[in-house]
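Single-structure report; data block below.
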Amino acid sequence: MMEFLATHTPGVMHWLVLSAVLFSIGLYGLLTRRNAVGILLSVELMLNSAAFNFVVFNKFVVPATVDGELMAIFVIAVAAAEVVVGMAIFVALFRYRNTIDVNRMNLMKN
Amino acid sequence: MIPAIPFISFLLVGLVIRPLSGKLAGIVATTAVFVTAALAYTLGWEYFHMYPPGGDHPAVVPWSMEWLRYMDILTVKVGVLVDGISVLLMVVVSTVSALVHLYSIGYMKGDPGYGRFFTYLNLFTFSMLGLVVAPNIVQMYVCWELVGVSSFLLIGFYYQKPSAVSASKKAFIVTRFADLGFLIGILILGYNGYHLFGQVSQSIAPAAAALGGGALQVFDFAFLTHPATLAAVTAGGTGLLTAAMILVFCGAAGKSAMFPLHIWLPDAMEGPTPVSALIHAATMVVAGVYLVARLFPAFAFSVDALLVVAYVGAFTSLFAATIALTQDDIKRVLAFSTLSQLGYMMLALGVASMAHPLGYTASMFHLFTHAFFKALLFLGAGAMIHAVHSNEIWDMGGLAKKMPITHITFLIATLAISGIFPLAGFFSKDEILAAAMGNHHWIIFGLGMLVAGMTAFYMFRIYFVSFWGKARSEGASHAHEAPVTMWLPLAILAVLSVVAGFVPMADFVHIGAPMDHHGVNLAVALPASLLAFIGIGMAWFFYGSQNDRAAKLATSMGAGYRVIKQKFYIDELYLFVTHKIIFRYISRPIAWFDRHIVDGVMNLSGWSTRALGSALSFLQTGQIQAYAVWFVAGALFVLLIAWSAML
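These protein sequence lines are chains A and B, in that order.
Under my numbering, the first residue of the first sequence is numbered 1, with each subsequent residue one higher.
Under my numbering, the first residue of the second sequence is numbered 111, with each subsequent residue one higher.
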């Protein structure tokens with residue numbers, strides 16, 4: 001088993017598939033979670049998968065520089081700011097509607 | 111210049127003066143028309159000095175301006191055409207209009223619509239003058255319609271009376287309907303003219319340009335009536351020209367109230383009497399006759415159209431004279447008399463031809479004299495109505511002593527219309543009859559003679575009943591003479607009625623082959639005068655004294671008399687046709703179609719959009735996640751397509 005693992009290291013496709021899977025899980029969560037904070041978590045997952053994608057390309061295409069890793073740090077910073085804004089909105093929303101169940105946010109219906 | 115003055119006066123009076131002061135409106139309007147008349151006389155003098163009487167009278171276009179331009183050769187111009195008949199009519203129209211304006215100052219005094227009346231009178235004078243001087247057929251058509259509008263406004267002047275309103279509507283609708291035929295005729299002429307323009311214009315353009323008016327255009331009368339054009343149009347047979355001319359004659363028939371489009375004229379008497387004098391005696395109704403005279407060369411080329419004109423004119427003449435025998439309302443009698451005299455004018459044009467053009471001159475001559483004595487009759491009747499406060503002749507009586515001036519002038523006019531020597535009507539009527547005889551239209555000649563006798567009879571009927579005998583009603587016993595502004599025009603017109611007959615019209619107005627003016631044609635004059643005297647005698651017999659021979663005759667004729675008195679039930683026939691047939695079988699289905707199908711399609715498109723909208727509204731859940739699902743699905747779809755295209 002150890003010999004198999006030693007000789008068969010993951011190639012770029014494997015890592016990209018992992019990134020895609022993470023993205024899809026995040027997407028699914030975005031579309032189906034009832035809790036607003038849950039949606040935010042899913043968005044975080046999608047952002048992280050994108051950053052991960054950057055790092056993978058950095059390692060396998062241009063390993064000499066650190067452009068991809070730098071991009072990943074930018075993404076994390078932006079995600080953090082976005083979470084702040086999102087939470088602020090949810091708090092304000094909770095004050096008025098007493099719920100953050102997104103199925104109940106249907107004032108634009110019809 | 112000449113049409114412009116009444117137009118400016120119209121604008122001035124209507125917009126500025128009327129709200130300010132009623133009286134001033136009347137004075138300004140009247141002076142404007144008198145100035146116009148003076149200008150017309152000057153123009154006539156100058157024109158006949160330039161082209162002395164007895165010689166050739168070409169048409170001159172001293173002023174014209176481009177109005178619409180479709181192509182270089184298809185331009186509509188606005189301008190003034192001066193030739194024998196247009197000068198004649200300018201003189202007639204402006205004179206009669208000026209006198210009517212003067213008369214109206216007295217007649218309409220105290221009426222709340224005083225200023226409005228003069229505005230409309232000025233508008234009418236402008237339109238009529240514009241019609242008369244039109245150098246091309248389009249301007250004539252435009253002014254034709256304007257004249258119709260003015261007539262509508264004036265007939266319906268007492269707009270609070272429902273009968274006046276419906277009379278004005280009737281007049282306008284009937285003449286408008288006739289104008290449809292006129293328009294189609296114009297279009298046919300224009301279309302053919304346009305096609306032939308290239309080949310014909312070379313020969314006539316230089317001559318036309320020499321007379322002024324710039325380059326020749328398709329709609330100009332100079333082009334339409336030129337022998338070269340007409341020869342080219344009839345190169346393939348006269349059918350097309352005949353059709354076009356008959357259609358144009360439809361328009362003339364409507365405006366000049368020929369049978370069967372005569373129904374509007376008797377009812378048009380609802381308007382004030384000066385209106386009847388101006389429009390329905392002297393000017394507007396002769397517009398039709400003028401049109402036929404203008405296009406006379408075209409008519410002459412197609413002999414059938416000319417025959418139609420002659421017979422329609424003769425029939426109308428007889429028809430109207432028959433009805434006039436029975437009417438009691440003085441204005442209605444005069445209206446039918448006008449119809450009858452118009453019939454004379456039309457038939458005079460109809461019996462003429464380029465080789466024997468006496469009828470053309472005779473028609474214009476009769477137009478000239480008729481304008482004067484008919485206007486006089488109407489104005490005199492207006493004075494009588496004003497005094498007695500009733501239109502019926504049986505309410506009048508014994509007015510001879512109470513209204514001497516009106517009496518004398520009315521008698522002069524009645525003698526004139528009966529054709530008694532030496533008054534105007536004698537000369538013009540005899541020329542018409544001589545023209546008919548000269549061209550061997552014996553039936554028409556006979557009809558003309560008969561109608562002359564009948565004319566004398568019914569005119570003297572109203573004369574005897576109104577002026578002789580004792581007063582028959584309250585109003586008549588209190589009658590008084592009219593004020594100066596009213597009897598002065600009467601006097602002037604009476605003088606004109608006497609002298610107008612002595613004008614040697616043939617020297618001024620003629621067309622085609624030159625003819626020698628025979629003076630008085632005794633073969634015609636003697637029988638005609640005899641018939642007139644017989645007519646007068648019969649009228650005296652029936653109505654001269656207070657007897658009821660007439661009433662006994664009427665009852666003994668029974669049903670026949672009733673039919674004639676009801677104007678042969680033509681009005682009822684029209685109502686029947688329009689209501690039962692046209693409205694029920696044509697208008698109602700069309701209205702149904704419009705309401706249910708045309709509107710239905712519109713409603714359907716609206717309804718279907720709404721239905722679709724409400725059906726799809728379930729998609730709008732308001733929940734973001736649902737929208738996000740659609741978004742993702744769409745994005746995936748696009749990516750799939752891009753991927754498959756790449757492969």
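Ideal placement from N, C-alpha and C gives every residue a C-beta, glycine not left out.
Quantities reported herein were computed from a predicted structural model and do not represent experimental measurements.
Kindly indicate if chain A contains any beta-carbon less than 8 Å away from that of B:Thr731. yes
Name, going along the chain, the residues of the segment 4-19 of chain A whose beta-carbon falls closer than 9 Å to a beta-carbon of chain B. none
So, with DSSP's three-state summary, where would you put A:Asn58? helix
With a threshold of 8 Å between beta-carbons, can B:Val748 be considered close to chain A, or not? no
Comparing alpha-carbon positions, which option in B:Phe409, B:Ala635 and B:Leu263 lies nearest B:Gly558? When each option's Cα is compared against that of B:Gly558, the closest is B:Ala635.
Output the distance between the C-alpha atoms of B:Leu749 and B:Asp709, rounded to the nearest integer angstrom. Each residue's alpha carbon lies about 46 Å from the other.
Same chain, Cβ closer than 6 Å to B:Phe234, neighbours up to 5 away in sequence not counted: Ser260
Just reading off the alpha helix (DSSP H) that B:His390 is part of, what are its end residues? Per DSSP, B:His390 belongs to no alpha helix (DSSP H) and is neither H nor E.
In the DSSP assignment, the alpha helix (DSSP H) including B:Gln451 goes from what residue to what residue? Ile440 to Val461
Hey, how far is the Cα of B:Ala403 from the Cα of B:Val422? 16 Å
Who are the near neighbours of B:Ala354 in its chain, counting only those whose CB is closer than 7 Å to its CB and skipping five residues on each side? Short of 7 Å from the beta carbon of B:Ala354, and not among the five residues preceding or following it, lie these beta carbons of its own chain, in chain order: Gly295, Ile298 and Leu299.
Own chain, CB closer than 7 Å to B:Phe425, minus 5 neighbours either side, in chain order: Phe369
Which term fits A:Ala80, buried or exposed, when burial requires 16 or more other beta carbons within 10 angstroms of its beta carbon? By the neighbour-count rule (16 or more Cβ atoms within 10 Å), A:Ala80 is not buried but exposed.
Minimum C-alpha distance to B:Met596 - residue among B:Ile734, B:Ala208 and B:Ser528: B:Ala208
Below 8 Å, how does it come out for the segment 250-260 of chain B and the segment 269-276 of chain B: are there three or more Cβ pairs, yes or no? Counting Cβ pairs under 8 Å, fewer than three are found: no touch.
Pair within 8 Å by beta-carbon distance, B:Ile57 and B:Ser607: Nothing can be reported for residue 57 of chain B, as the shown portion of chain B is limited to 111 through 757.
Simplified DSSP state of B:Asn246, which is helix, strand or coil: strand
Within chain A, the residues that B:Ala745 reaches when beta carbons sit closer than 7 Å: For a Cβ distance threshold of 7 Å, nothing in chain A lies close to B:Ala745: the least Cβ distance comes to about 10 Å.
Reducing DSSP to helix, strand and coil, say where B:Val358 ends up. helix
Of the residues A:Ser24, A:Asn35 and A:Val66, which one's Cα is nearest the Cα of A:Asn48? A:Ser24
Taking the straight line between their C-alpha atoms, what separation do you get for B:Leu722 and B:Phe728? 11 Å
Contact under 8 Å by Cβ, B:Val96 with B:Tyr151: Because chain B in this structure spans residues 111 to 757, residue 96 of chain B falls outside the shown range and cannot be described.
Could you tell me which residues DSSP pairs with A:Asn35 in its beta bridges? Beta-bridge annotation (DSSP): A:Asn35 is paired with A:Asp101.
Run through chain A and tell me which residues come within less than 8 Å of B:Ile734, C-beta to C-beta. Val102 and Met105
Span of the alpha helix (DSSP H) around B:Asn713: Asp709 to Leu726
Among B:Leu683, B:Lys441, B:Ile530 and B:Leu452, which residue has its Cα nearest to the Cα of B:Ser639? B:Ile530
Taking 8 Å as the threshold (beta carbon to beta carbon), is B:Ile738 in contact with chain A? Sequence check: residue 738 of chain B is Ala here, not Ile. With its beta carbon less than 8 Å from one in chain A, B:Ala738 belongs to the interface.
Straight-line CA distance for B:Trp781 to B:His706? Residue 781 of chain B falls outside the range modelled here, since chain B spans only 111 to 757, and no answer is possible.
So with CB distances below 7 Å, who are the chain B contacts of A:Leu27? Val742
Taking CB distances under 8 Å as the criterion, tell me whether A:Met108 reaches chain B. Closer than 8 Å: yes.
For A:Arg104, does the count of other Cβ atoms within 10 angstroms reach 16, so buried, or fall short, so exposed? exposed
Cβ-Cβ distance between B:Gly398 and B:Ala363 below 8 Å: yes
Cβ of A:Leu41 within 8 Å of any chain B Cβ: Closer than 8 Å: no.
B:Gly322 by DSSP, collapsed to three states: which one? Note that B:Gly322 has pLDDT 44, beneath the 50 cutoff, so the model's placement of it is unreliable and no number is given.
In the DSSP assignment, find the unbroken alpha helix (DSSP H) run with B:Gln437 in it and report its ends. Per DSSP, B:Gln437 lies in no alpha helix (DSSP H) and is assigned neither H nor E.
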